[in-house]
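Sequences listed follow chains B and Z, in order.
Residue numbers in the first sequence follow my numbering, run continuously in steps of one, and reach 312 at the last position.
Residue numbers in the second sequence follow my numbering, run continuously in steps of one, and reach 1565 at the last position.
C-beta atoms are modelled at their ideal positions from N, C-alpha and C, and glycine is treated no differently.
The structure appears right after this line, and notes come after that.
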Amino acid sequence: MSGKVAVVGGGAFGWGLALAAERAGRQVLMWSRRPQRAGTERVRLVASLAELAAAELVFFAVPSPYLPELADELGQHLDGGHFLVHVSRGIVGEELQTLSQVLRSRTPCRRVGALAGPLVARALAEGEPGGGIVASRFPEVQTAVRDALGGAALRIYSTDDLIGAEFASTAVGLLAMAVGFARGVGLGPATLAVMASRGMSECARIGVGLGGRVETFNGLAGYGDLIAAVADDGRPELGVGRELAAGTPLAEVGRRVGGYVEGLESARKIAAYARHSGAHAPLVLLCADVFEGKVSSQDAVAALMGRRVGGE
Amino acid sequence: MFRLLSRPLRLPAFLGPAPRPDDPQIFRFNSERAPIISDVVRRVVKHYAGQPDRLLYVLNEAGNAEVRRLASQGDMEAGEALGQWKRLVRRLGKMDEQERIDALRERVGDFAEDIAGNFDPRVYALATRIVPGVLTALMSPSEVPQQLVSGFRQLDGLVTAEGPIDKLRRLAKIGTLVLVPTHSSNLDSVALGYVLMRERLPPVVYGAGKNLFSNPLISFFMHNLGAYRVDRRISAQLYKEVLKTYSCMMIERGYHSLFFPGGTRARSGMVERRLKLGLAGTGVEAFARNQARGVTRPVYFVPATLNYALVLEAETLIEDHLKGAGQSRYIIEDDESSRWERVYKFMHKLTQLRQAMVLRFGEPIDPFCNPVDDAGRSIAPSGRPVDPASYVKRNGVVTVDPARDAGYTRELGEAVARVYQRETVILWTQLVAHILYRHLVHATPELDLFGRQRVRGQVGMPRAQLEAEVGAARDKLLAFSAAGRVQVGPVLRTQSPQHIVAEALKAWDGYHTRAVAREVGADIMIEDPNLLLFYQNRLVPLAEELATPETEAAARTITAMGGRA
Chain B
1 MSGKVAVVGG
11 GAFGWGLALA
21 AERAGRQVLM
31 WSRRPQRAGT
41 ERVRLVASLA
51 ELAAAELVFF
61 AVPSPYLPEL
71 ADELGQHLDG
81 GHFLVHVSRG
91 IVGEELQTLS
101 QVLRSRTPCR
111 RVGALAGPLV
121 ARALAEGEPG
131 GGIVASRFPE
141 VQTAVRDALG
151 GAALRIYSTD
161 DLIGAEFAST
171 AVGLLAMAVG
181 FARGVGLGPA
191 TLAVMASRGM
201 SECARIGVGL
211 GGRVETFNGL
221 AGYGDLIAAV
231 ADDGRPELGV
241 GRELAAGTPL
251 AEVGRRVGGY
261 VEGLESARKI
271 AAYARHSGAH
281 APLVLLCADV
291 FEGKVSSQDA
301 VAALMGRRVG
311 GE
Chain Z
1001 MFRLLSRPLR
1011 LPAFLGPAPR
1021 PDDPQIFRFN
1031 SERAPIISDV
1041 VRRVVKHYAG
1051 QPDRLLYVLN
1061 EAGNAEVRRL
1071 ASQGDMEAGE
1081 ALGQWKRLVR
1091 RLGKMDEQER
1101 IDALRERVGD
1111 FAEDIAGNFD
1121 PRVYALATRI
1131 VPGVLTALMS
1141 PSEVPQQLVS
1151 GFRQLDGLVT
1161 AEGPIDKLRR
1171 LAKIGTLVLV
1181 PTHSSNLDSV
1191 ALGYVLMRER
1201 LPPVVYGAGK
1211 NLFSNPLISF
1221 FMHNLGAYRV
1231 DRRISAQLYK
1241 EVLKTYSCMM
1251 IERGYHSLFF
1261 PGGTRARSGM
1271 VERRLKLGLA
1281 GTGVEAFARN
1291 QARGVTRPVY
1301 FVPATLNYAL
1311 VLEAETLIED
1321 HLKGAGQSRY
1331 IIEDDESSRW
1341 ERVYKFMHKL
1351 TQLRQAMVLR
1361 FGEPIDPFCN
1371 PVDDAGRSIA
1381 PSGRPVDPAS
1391 YVKRNGVVTV
1401 DPARDAGYTR
1411 ELGEAVARVY
1421 QRETVILWTQ
1431 LVAHILYRHL
1441 VHATPELDLF
1451 GRQRVRGQVG
1461 MPRAQLEAEV
1471 GAARDKLLAF
1481 SAAGRVQVGP
1491 VLRTQSPQHI
1501 VAEALKAWDG
1511 YHTRAVAREV
1521 GADIMIEDPN
1531 LLLFYQNRLV
1541 PLAEELATPE
1551 TEAAARTITA
1561 MGGRA
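Laid out in structure tokens, this is it:
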């Protein structure tokens, strides 16, 4: 295998990764269901997933619902020597299976990881200063990702708490929508701060139950990422939240912001899991109800602020 | 003289038969013993040489730990070694690097000699012939003449072996088996050894606590059947490195091995859910090291569950668990297995029960959690074979990388724990204990765990209700079993609820020092909540699904208690 890097998915994030790798001097193979732009000098678009097997490191930059099927198909061409890293903020199934678990169960690959934190597509593509976190139980995968993307301007930290990082990233997707929503209904910074902090604590509790570590939620994959959302880094989840606050029907929201929004589905799944497992997560439950239109924005604010206050 | 007594007895080597080509590797152990030890020493020395700071640290750490341990041990065996370690610690600061390496080599050599086992084919042949007889004699002496004629069928009826046994026999010829069973009793290794013998599976090497070697007779058999000695009192890092290297090298050389990845007997009676794998993890490293030098022999991990209707040490284990002393009292020197009359009583009791112990092998997996087909090939999720060597390659080249292997080991621990849940065989005593305990929780909602464990002889359950609830829960278990979530033992599968309850009461009666439950009129009175808790703990993961609408709250309490175990 050469120093090639593969990217599954030709959306904004896929291109961000490809261009970052190109800048790091790597040849990139990209597969996209519907290529929206032409390749570059070092980024070659390939017609079949099988061609990606020529790379050791494969990034998955597709929304979570598409990942299992693509993993099945690509998995037929891979072996234990490939490293798979995804950048999705989603989870699948009632038991909140993370996407690395999906990759592990559907491909022969074991050296898997996730890229999380306040990375945005545009900054990756243009080489702006920024940072993120790569999570994997395998130090080799952490190094491979850093080598493939890391430049002078991009700081990629690492952790072996894969489940924690994936779930923290998912939680931030949900909370970013809540932030957009809260802004949309005119809540101020103090209220946003309370909501974001309590929301993160709830998600951290659930994440620890799933096998993650609380430090991960306090790091780049959790709070770090959430701060970028609160500072309005232009991510789609914020727009979804604002649209919902403006009363746009759910079916319409997806169309307006363009593309699939993980946060909606995550909110529903995490809320269902919290109910089923008895985890204390009132804010997550409220978010899910609001996003699904079961609770109006006025009632949501009243419910949020009217809860009994106890120890943190 | 002391040295002579403390060393296990061995028969003169020159009288032994030569191993045949298709014999398992262990039949060649005696001729390989010396080279194995010197390889272990070489590898451990290489590990530390070239890193002067680390070398000095590991010697200092070992020296101080050993001086502390041996001084408190204070027996004759300790005296000699204590002097050596004291001298080393004193001189360490003045030594140059070569002298430190020489000292390391000497210490590692002593550790390795102490660890290395022995295998004598003659003792193995003897054991194959006499073990069933000895066990039967122990259990019911009056039946020996009759059993001699019938070939000790009683023992066969007592211990059931299930799982892909034919496949394991085949795989044992292709690769190296690493058995990783659950651990609930000191009898586990005996029971396993017997089943391997009976099912014509090859013998395995395994690390046995040094305390088990204190009995000369047991020591003779263990030592000559390939067990190596693990001295749990030694806390030195260096010792652990030697032990790890020894077990890794045995797997590299193709010795089928056995490890209890839970580390210690499950105090609570629950099936282990979190496994660190410990020494079993060396199977991954052994595979990588072999690949790196062109040896392609596969390694197969075989999870297994040992399921007892009665557990020899149940009383001590559950008391330890409730005291929260589980991990600190790592070595229990004074439990039932060290008292012959208890072992005798236990075995005697077992013979009155049929199928009282089920050993169930799970499907073998490779070191990277892939299933393995009948031909020994690793199978990817797509159904195609995948080359296991690809997992230890970086850019197409095999590498030895402990950090990577630690990642694989963690995943393997999780995979084995999942197999444990699926392959646990629920036995009748466990189900009856669960229903009785659930009733106790239901009847005492105001009490916490410790309060409830003191409720003796106060809560009874109408026998008819017990039988009805056992029947309903059994039907659910059968459905779970059909869905492949758990296994159900033979008695539960075939007998009526009335019979199941009667069998459980009979099993408990007369072995444990306290009555577990007894009949009072039409009621079954709960006498020992501790033992009920122990036996029912195997069902904790299923408790809520087995509950009836009335017992849902009790089942939730039981699940919540399990979360802490």
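- Cα atoms of TRP1508 (chain Z) and VAL1516 (chain Z): separation of roughly 6 angstroms, rounded to the nearest angstrom.
- Straight across, the Cα-Cα distance linking ARG42 (chain B) with ARG1538 (chain Z) is about 57 angstroms.
- Per the coordinates, the alpha-carbon of ILE1234 (chain Z) lies some 51 angstroms from the alpha-carbon of ARG1463 (chain Z).
- Straight-line measurement puts the Cα of ALA1191 (chain Z) at about 16 angstroms from the Cα of ILE1165 (chain Z).
- In the DSSP assignment, HIS86 (chain B) falls within the beta strand (DSSP E) that extends over 83 to 86.
- A Cβ-Cβ separation of about 6 angstroms places PHE1361 (chain Z) in contact with VAL1302 (chain Z) under the 8 angstroms criterion.
- At least one C-beta of chain Z is nearer than 8 angstroms to the C-beta of ASP79 (chain B).
- By the beta-carbon neighbour count (other beta carbons within 10 angstroms, threshold 16), LEU1306 (chain Z) is buried.
- Counting C-beta pairs closer than 8 angstroms gives three or more between the region 67 to 85 of chain B and the region 1387 to 1401 of chain Z, which meets the contact rule.
- Fewer than three pairs of CB atoms, one per stretch, sit closer than 8 angstroms, so the region 207 to 214 of chain B makes no contact with the region 172 to 186 of chain B.
- One finds ASP79, GLY80, PRO108 in chain B with Cβ atoms closer than 8 angstroms to the Cβ of VAL1386 (chain Z), taken in chain order.
- Residue state for ILE1426 (chain Z) is assigned as strand, using DSSP reduced to three classes.
- Distance from the CA atom of ARG23 (chain B) to the CA atom of PRO1402 (chain Z), rounded to whole angstroms, is 32 angstroms.
- For GLY1457 (chain Z), the closest C-alpha among the options Z:ASP1475, Z:ARG1418, Z:PRO1445, Z:ASP1528 is that of Z:ASP1528.
- By the CB criterion at 8 angstroms, LEU1158 (chain Z) and MET1357 (chain Z) fall inside the cutoff.
- By the neighbour-count definition (other C-beta atoms within 10 Å, threshold 16), PHE1450 (chain Z) is an exposed residue.
- Sixteen is the threshold: when 16 or more other Cβ atoms of the shown chains lie within 10 Å of the Cβ of LEU1412 (chain Z), as they do, the residue is buried.
- Judged by their CB atoms, LYS1345 (chain Z) and TYR1511 (chain Z) are nearer to each other than the 8 angstroms cut-off.
- Judged by DSSP in its simplified three-state form, MET1095 (chain Z) adopts coil rather than helix or strand.
- Those residues of the region 1404 to 1420 of chain Z placed with their C-beta closer than 7 angstroms to a C-beta in chain B are ARG1404, GLY1407, TYR1408, ARG1410, GLU1411, ordered along the chain.
- Per DSSP, reduced to three states, the secondary structure at LYS294 (chain B) is coil, with no helix or strand assignment.
- Against chain Z, the CB of ARG26 (chain B) has no partner CB under 8 angstroms away; the residue lies outside that interface.
- In the structure shown, the three-state DSSP call for LYS1323 (chain Z) is coil.
- When the beta-carbon positions are compared, ALA125 (chain B) and GLY16 (chain B) come within less than 8 angstroms of each other.
- In the DSSP assignment, ASN218 (chain B) falls within the unbroken alpha helix (DSSP H) covering 214 to 218.
- Interface residue (Cβ-Cβ distance to chain Z less than 8 angstroms): SER105 (chain B) is classified as such.
- Sixteen is the threshold: since fewer than 16 other Cβ atoms of the shown chains lie within 10 Å of the Cβ of SER1031 (chain Z), the residue is exposed.
- Every alpha helix (DSSP H) stretch that sits fully inside the region 1431 to 1497 of chain Z and reaches 4 residues is listed by chain position as 1449 to 1452, 1463 to 1482, 1490 to 1494.
- Rounded to the nearest whole angstrom, the CA to CA distance from VAL1491 (chain Z) to ALA1309 (chain Z) is 10 angstroms.
- When only Cα atoms are considered, LEU149 (chain B) and ALA53 (chain B) end up about 19 angstroms apart.
- Among the bridge pairs identified by DSSP, GLY1207 (chain Z) is matched with Z:TYR1228.
- Under the three-state reduction of DSSP output, SER1378 (chain Z) falls in the strand class.
- Pairing LEU1436 (chain Z) with LEU1532 (chain Z) gives a Cβ-Cβ distance under 8 angstroms.
- For ASP233 (chain B), the three-state secondary structure derived from DSSP is coil.
- Interface annotation, PRO1445 (chain Z): not in contact with chain B, CB-CB separation never under 8 angstroms.
- With a threshold of 8 angstroms between beta carbons, GLY180 (chain B) makes no contact with chain Z.
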